[in-house]
Every structure is written in C-alpha cells, then in structure tokens.
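Residue numbers for the sequence shown follow the working numbering, beginning at 664 and rising by one. The C-beta atom is built at its ideal place from N, Cα and C for all residues, glycine as well. Okay, structure first, notes after.
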Amino acid sequence: MTSSGLRRDELAAFLRTRRARLRPAEVGLPEGERRRTPGLRRQEVAQLAGMSIDYYIRLEQGRGPHPSRQVLAAMARALLLSRDEREYLFRIAGENPLPAGGPSREVTPGLRHLIDAMIETPAYLVDAAYQVLAWNRLATYFMGDLSAVPDAERNMIRWTFRHSVTEGHWTDADARRFVHSTVADLRAAYGRYPGDPAIRELVTELLGTSPSFARLWAEHEVEERRPVIKRVPHPHLGSLEFECRVLLVPETEQRLIVYVPEPGSPTQAVVRRLAERVGS
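Below you can see the structure in the form of structure tokens.
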C-alpha cells in the first residue's frame, strides 16, 4: 500500500478479474475472431473508459500512477461494476466512493417475476423515495389500479400526507409507527442521494404542504424499516389486518412491500378468495 492508500496489487487483480468476466456483447462490442482468453481485451476496456491503452495496462500490472476519481468512475462504467464493486474499486484505490447520483428506478425481470408470483400476497415495489415502480394484481384491491395514475403521482409518502390529520390512520398506534418509520427511511435516502431532484422536490413540497410531515422531518430520525401491523378498513371487504413487511433489495436500494395475513385468519380467507378471483 502506498502512502496515498492505493493498494496496487489488489487494484490490478480486481481489474483483471472484472475484465475477464465480461463478454464483448455485454458492452456493445462485436465478438469478432476467436479469443485466446475469456473476457474483454485490455485495449477494449481502455477504449470504453476513454483512456490510453498503456495507462490501463500499467494499472493491471500494478505499476500505474494513482488513478484519479474521474478515471476510477470511467473504469467502473466500462467494466459494468455493481454499486458494491464500484465502492470497492474506489477504496482499494485510496479514494472515498463518489456519492450515488440517485436511487435506481429500474425494475429487473427477476423482481417483476417475484412480485407476480406472490399470488396470495399483495405486494408492490418502491424506490428509495417511495415512488411505486411495480405491483401485483392483488395490490390493486388495496391501492387502486396505478396504471391509470400518472408516474409522478405514484408516491406513497405523498399519498400518506395528503390525508387529514383527523383521519383514522393518524390515531392508530401501528399506523403512526408505520408513517414515522417511512419518514425516517426517506431521511436516510435524502442523505444518501443529495443530488437527486425527485427526493429533494418531494421533501420541499411536503414541508410546505403538510405540518405533520414537517414535524416528523424536524426530528431528524434515520432508521431502517421494521415490520408493523397494518389495519385496512376496506369499503367492500371489511376490516383487514396484515403484517406489513418492507424488504430491502440491496443492489438497488429499492423496497419490496408485502402485506402478509396471519395464517388461518379471516384476512387470509378474504385474500385467498380475491386470489381465486384474480386467477380465474
């Protein structure tokens, strides 16, 4: 390790292994003639990162200069590094990782399939700002058909604080806990993504329109979500009770929110009837 914190040997090995795992087609390059070794060539990584071939070769050989933050960011993009890999790259190069630009709003096919496969569990996916990204058919019975709602309006925090403080969800202890933890989670996202305009605009809007939000925001609580009991007074299905779990998707920092009825409960019976209706 150098005095600057650069771990040359680790950086070199990490770059070699990340390069070897990529296929040309993954980065938009033609396969070309048969390759003697798997993965991209060094010159291809250099081209994708916009740097000289000699510079990149010296980094892979553990004898290059201390790469700048701009060079590290360019290599991370060229090698299609995940968030964790990107952070690791910066740290072994003796640099603090650049802050992420904003929360991921891409719904992967795997998550889409998982949500649809929950045939007896209302579920929806939100980003770090609680913008609803995807939902299953059962969820529409509890939050409506969001396909008819403009994208900008699909935010569960905005929905929550548009309710009057006299409405029932403000007097129920579990509901208050749910709202409190949601605001605390938003506070954490606000700190992680200081440059994200969607989060900043949402916070600014609610500070100006909701005294309840402003009061909770002023407490500066930052916490992960915990499971809570959520009671839903449904106009057609009656009073329902779920354990609401918020599951973190680490690679995107999205949240999968599921409403789980207690086994053998009246709520589970109602949900099963709905599931049969949806599947028929």
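So the beta strand (DSSP E) P924 belongs to, where does it begin and stop? Walking along the sequence shown from the start, residue 924 turns up at place 261. Per DSSP, P924 belongs to the beta strand (DSSP E) from Q917 to P924.
To test your reading of the DSSP string, which unbroken beta strand (DSSP E) runs of 3 or more residues are found completely within the region 747-799? As far as the region 747-799 is concerned, its whole beta strand (DSSP E) runs of at least 3 residues are 786-789 and 795-798.
Three-state secondary structure (DSSP) at E830? The sequence position of residue 830 within the sequence shown is 167, counting from 1. Confidence at E830 is low in this model, with a pLDDT of 49, below 50, so its placement is unreliable and no value can be given for it.
Euclidean distance between Cα positions of I716 and E707: As a position in the sequence shown, residue 716 is number 53, starting the count at 1. As a position in the sequence shown, residue 707 is number 44, starting the count at 1. Roughly 9 Å between the two C-alpha positions.
Would you mind working out which of R705, R768 and E769 sits nearest M738, comparing C-alpha positions? Taking the first residue of the sequence shown as 1, we reach residue 738 at position 75. The candidate whose alpha carbon is nearest that of M738 is R705.
Looking at A847: is its Cβ nearer than 7 Å to the Cβ of E906? Stepping through the sequence shown from its first residue, residue 847 is reached at position 184. Stepping through the sequence shown from its first residue, residue 906 is reached at position 243. Not a contact, by the Cβ cut-off of 7 Å.
How many angstroms separate the CA atom of R754 from the CA atom of G713? Position 91 of the sequence shown, counted from the start, is the residue given in the question as residue 754. Position 50 of the sequence shown, counted from the start, is the residue given in the question as residue 713. Whole-angstrom Cα-Cα distance: 22 Å.
Reference R908; option with closest CA among A877, K893, I782 and A780: Within the sequence shown, the letter at position 245 stands for residue 908. Looking at the Cα atoms, K893 is the closest of the given residues.
Buried versus exposed, by CB contacts within 10 Å (16 or more), W946: In the structure displayed, the chain extends from 664 to 943; residue 946 sits before or after that span and is not available.
Since L735 and E689 should fall inside the 8 Å C-beta cutoff, what is the C-beta to C-beta distance between them, to a whole number of angstroms? Mapped onto the sequence shown, residue 735 falls at position 72. Mapped onto the sequence shown, residue 689 falls at position 26. The beta carbons of L735 and E689 sit about 20 Å from each other, so the pair does not count as a contact at 8 Å.
Helix, strand or coil for R894? Go by DSSP, reduced to three states. Taking the sequence shown and counting its residues from 1, one reaches residue 894 at position 231. Reduced to three states, the DSSP call for R894 is strand.
Exposure of G854, with buried meaning 16 or more beta-carbon neighbours within 10 Å: Taking the first residue of the sequence shown as 1, we reach residue 854 at position 191. Answer is exposed; the Cβ neighbour count stays below 16.
Through-space distance from R721 to H776, alpha-carbon basis: Stepping through the sequence shown from its first residue, residue 776 is reached at position 113. Stepping through the sequence shown from its first residue, residue 721 is reached at position 58. Rounded to the nearest angstrom, the two C-alpha atoms are 44 Å apart.
G807 versus E758: straight-line alpha-carbon distance, rounded: Counting from 1 along the sequence shown, the entry for residue 807 is found at position 144. Counting from 1 along the sequence shown, the entry for residue 758 is found at position 95. Between G807 and E758, the C-alpha separation is close to 46 Å.
From the DSSP output, read off the bridge partner residues of S902. Taking the first residue of the sequence shown as 1, we reach residue 902 at position 239. For S902, which the question treats as bridged, DSSP gives the partners P896.
Taking the beta carbon of Q917 as the centre, do at least 16 other beta carbons fall within 10 Å, making it buried, or is it exposed? Numbered from its first residue, the sequence shown carries residue 917 at position 254. The Cβ neighbour count for Q917, taken over all protein chains shown within 10 Å, is at least 16; the residue is labelled buried.
A877 and L870 look like a contact to me (Cβ under 8 Å); what is the Cβ gap, rounded to whole Å? Position 214 of the sequence shown, counting from 1, holds the residue named residue 877. Position 207 of the sequence shown, counting from 1, holds the residue named residue 870. The beta-carbon separation of A877 and L870, rounded to 5 Å, stays under the 8 Å limit for a contact.
Boundaries (first-last residue) of the alpha helix (DSSP H) holding D946: The requested residue 946 is not part of the displayed model; the chain covers only 664 to 943.
Cross-strand partners of L908 (DSSP beta bridge): Here residue 908 refers to the residue found at position 245 of the sequence shown. Before going on, a small fix: residue 908 reads as Arg here, not Leu. According to DSSP, R908 bridges with V921.
Please say whether A756 and L849 have beta carbons closer to each other than 7 Å? Here the question's residue 849 lines up with position 186 in the sequence shown. Here the question's residue 756 lines up with position 93 in the sequence shown. In this structure, L849 lies away from A756, with their beta-carbon atoms at least 7 Å apart.
Can you grab the Cα-Cα spacing for the pair H843 / Y751, in whole Å? Here residue 843 refers to the residue found at position 180 when the sequence shown is read from its first residue. Here residue 751 refers to the residue found at position 88 when the sequence shown is read from its first residue. H843 and Y751: Cα-Cα distance of roughly 33 Å.
Can the beta-carbon of R670 be found less than 7 Å from the beta-carbon of E723? As a first step, residue 670 must be located in the sequence shown, where it is residue number 7. As a first step, residue 723 must be located in the sequence shown, where it is residue number 60. Their beta carbons are not under 7 Å apart, which means R670 does not touch E723 by this criterion.
Near S827, which residues of its chain fall below 6 Å by C-beta distance, leaving aside the five closest residues on each side in sequence? For the purposes of this step, residue 827 is taken as residue 164 along the sequence shown, with counting starting at 1. Annotation note: pLDDT 48 at S827 (below 50); position unreliable, coordinate value reported separately. Once the five neighbours on either side are set aside, S827 has no close Cβ partner at all.
Pick out whichever of V866, V795, L801 and P701 has its Cα sitting closest to the Cα of V812. By 1-based counting over the sequence shown, the position of residue 812 is 149. Comparing Cα positions, the closest option is V795.
Just to confirm the assignment, what range does the alpha helix (DSSP H) spanning V934 have? Your numbering for residue 934 matches position 271 in the sequence shown. From DSSP, the alpha helix (DSSP H) with V934 extends over P929 to G942.
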